Ligand SMILES: [Zn+2]
Ligand SMILES: [Zn+2]
């Protein structure tokens, strides 16, 4: 029993090391897909259409402008997720104490109970003044609410959602919005490319004459298939994350929530949305926050989260 546990831990470690090694390859893969798409759409198809005159030129210009705008937004969001630290636990972090009850405010019974075996093991190590505060044995530190240990990153990540191989980073409190924008713009861009290359793709299988060298035709074919595949898979992912944001839940918490009928962080759809995107409408569609939101909203720092006050009493 003990031995198999050790073997499994070793395998998991190896898997995590492999994921870490994938790092730069995934970034190159993303840029490769962007490059193939750019070549197929701009260089071989819609670029030349620009010079045909008439209606085709206007359509081609509209497609090219929209494509370049979405590409800028997509790459901006993508590198924001890649380069933004998802949020680590500050050294010697201590929970804020509630003056009246003497309890640490943000920690919940449900979160505490549902962490399973890991939690039982660490109970004895938690803060003696507040036994509900979770403790990470790997990092040797207390865990703020909604924080989870990522075995790929090898550290605790604030409001961890998941470790994403495509962005070679953890998705957590400080870069979740950027990740969602990356999904959003990827969906729009890949849908635009799929629809724009559809006539060429249909022509490819029809008997009619098609222009272009075998190389450009192959690139167009590849770009169409890749973009269609990304559009469909990203759409599913986007729908899932829209429902998670609406309920103020992370992917990890979605599993915990199954046993919790009332989720304490669910403070209404509008406020749940603002906790991820901020309150300033001008910043909703760009990977950034206003200075004022960063100052006023503790949720954007990843250490404290507002919750339904009536659920505090229920959980004891
Ligand atoms: Zn940890
Ligand atoms: Zn991670």
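Residue numbers (UniProt numbering): 1 to 316. Where a beta carbon is used, it is the ideal one built from N, C-alpha and C, also for glycine. Remember, predicted model here, so these are calculated numbers, not experimental data.
1) Taking 7 Å as the threshold (C-beta atoms), are residue 44 and residue 161 in contact?
2) Would you mind giving the Cβ-Cβ distance between residue 172 and residue 158, rounded to the nearest angstrom? I have them listed as a contact below 8 Å.
3) What is the DSSP secondary structure of residue 159, counted as helix, strand or coil?
4) Which residues share a DSSP beta bridge with residue 169?
5) What do you reckon, is the C-beta of residue 163 under 6 Å from a heavy atom of ligand 1?
6) Buried or exposed: which applies to residue 218, given that a residue is buried once 16 or more other Cβ atoms fall within 10 Å of its Cβ?
7) Please report the Cβ distance between residue 166 and residue 36, rounded to the nearest whole angstrom; I am assuming they are in contact, meaning their Cβ atoms lie under 8 Å.
8) Compute the distance between the beta-carbons of residue 227 and residue 194, then report whether it is under 7 Å.
9) In terms of DSSP beta bridges, what is residue 142 paired with?
10) Could you check whether residue 178 and residue 82 sit closer than 7 Å to each other, using their CB atoms as the reference points?
11) Is the beta carbon of residue 133 sitting closer than 7 Å to the one on residue 91?
12) What separation, rounded to the nearest whole angstrom, lies between the Cα atoms of residue 203 and residue 34?
13) Could you tell me if residue 62 is buried or exposed, where buried requires 16 or more neighbouring beta carbons within 10 angstroms of its beta carbon?
14) Measuring straight from C-alpha to C-alpha, what distance separates residue 273 and residue 245?
15) Taking contact to mean 3 or more Cβ pairs, one atom from each stretch, closer than 8 Å, check whether the region 291–302 and the region 134–142 are in contact.
16) Residues around ligand 1, please: the ones whose beta-carbon is closer than 6 Å to some heavy atom of it, in chain order.
17) Give the single residue among 308, 164 and 77 whose Cα lies nearest to the Cα of residue 265.
18) Taking 6 Å as the cut-off, does the CB of residue 152 come closer than this to any heavy atom belonging to ligand 2?
19) Does the beta carbon of residue 147 fall short of 6 Å from some heavy atom of ligand 2?
20) I'd like the list of long-range same chain contacts for residue 222, defined as Cβ closer than 7 Å, with 5 residues on each side in sequence excluded.
21) On the premise that residue 285 lies in contact with residue 144, defined as a C-beta separation below 8 Å, what is that separation, rounded to the nearest angstrom?
22) Can you tell me the Cα-Cα spacing of residue 50 and residue 215, whole angstroms?
23) With a threshold of 16 other CB atoms inside 10 Å of the CB of residue 257, please say whether the residue is buried or exposed.
24) When the distance is taken between beta carbons, is residue 213 closer than 7 Å to residue 40?
25) Cα separation between residue 148 and residue 156?
26) Looking at residue 174: is its Cβ nearer than 7 Å to the Cβ of residue 84?
27) Is residue 78 closer than 7 Å to residue 64 when the C-beta atoms are compared?
28) Report all residues from its chain with a CB closer than 7 Å to the CB of residue 233; omit the five preceding and five following residues, and keep chain order.
29) Give the list of continuous alpha helix (DSSP H) stretches no shorter than 4 residues that lie fully inside the region 261–304.
Concretely, from the data shown:
1) no
2) 5 Å
3) coil
4) 164
5) no
6) exposed
7) Rounded, the Cβ-Cβ distance is 16 Å, inconsistent with contact.
8) yes
9) 135
10) no
11) no
12) 23 Å
13) exposed
14) 6 Å
15) no
16) 136, 138, 139, 149, 155 and 156
17) 308
18) yes
19) no
20) 36
21) Incorrect: roughly 29 Å between the Cβ atoms, too far for contact.
22) 21 Å
23) buried
24) no
25) 5 Å
26) yes
27) no
28) none
29) 269–277 and 291–296
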